[in-house]
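Novice: Have a look at the structure that comes next, please.
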Amino acid sequence: MIPKGAAVSTNAPVVDAHDQSISSPISARALWLGGVLTLSLLLYYFIGIDQGATSLFGQDSHIHEFVHDARHFLGFPCH
Numbered sequence: 000m001i002p003k004g005a006a007v008s009t010n011a012p013v014v015d016a017h018d019q020s021i022s023s024p025i026s027a028r029a030l031w032l033g034g035v036l037t038l039s040l041l042l043y044y045f046i047g048i049d050q051g052a053t054s055l056f057g058q059d060s061h062i063h064e065f066v067h068d069a070r071h072f073l074g075f076p077c078h
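Under numbering that gives the first Met the number 0, think of the first position of the sequence shown as 0, with each following residue one higher.
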């Protein structure tokens, strides 16, 4: 038991916390948002729409077969 008022020392390093936030310009955030949105829409097209009712690639069914199980898992009809 440590007596009241006794000095306690530890070997733990002291970490200085910085109160400064990391600045992120709005243009950089908008660029990231646009990129993520574009990739999300492309993924949605290839999984959910391509070779359902419409297709950019004609009668080629490689994309359809590649994402076939994902289409069923996500509830997209494909047959």
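Beta carbons: idealized from backbone N, C-alpha and C, even for Gly.
Return the Cβ separation of Pro25 and Phe45 in integer angstroms, given the expectation that the two are a contact with Cβ distance under 8 angstroms.
Specialist: Strictly speaking, residue 25 in this sequence is Ile, with Pro absent from that position. Not really, about 30 angstroms apart at Cβ, beyond 8 angstroms.
Novice: With respect to the alpha helix (DSSP H) encompassing Val35, which residues constitute its N-terminal and C-terminal limits?
Specialist: Element bounds for Val35: 25–43.
Novice: Buried or exposed: where does Arg70 fall if 16 or more other Cβ atoms within 10 Å of its Cβ makes it buried?
Specialist: That one is buried.
Novice: With H, G and I counted as helix, E and B as strand and the rest as coil, what does DSSP make of Gly74?
Specialist: In this structure, Gly74 counts as coil in the three-state DSSP scheme.
Novice: Could you give the distance in angstroms between the alpha-carbon of Ser39 and the alpha-carbon of Asn10?
Specialist: About 49 angstroms.
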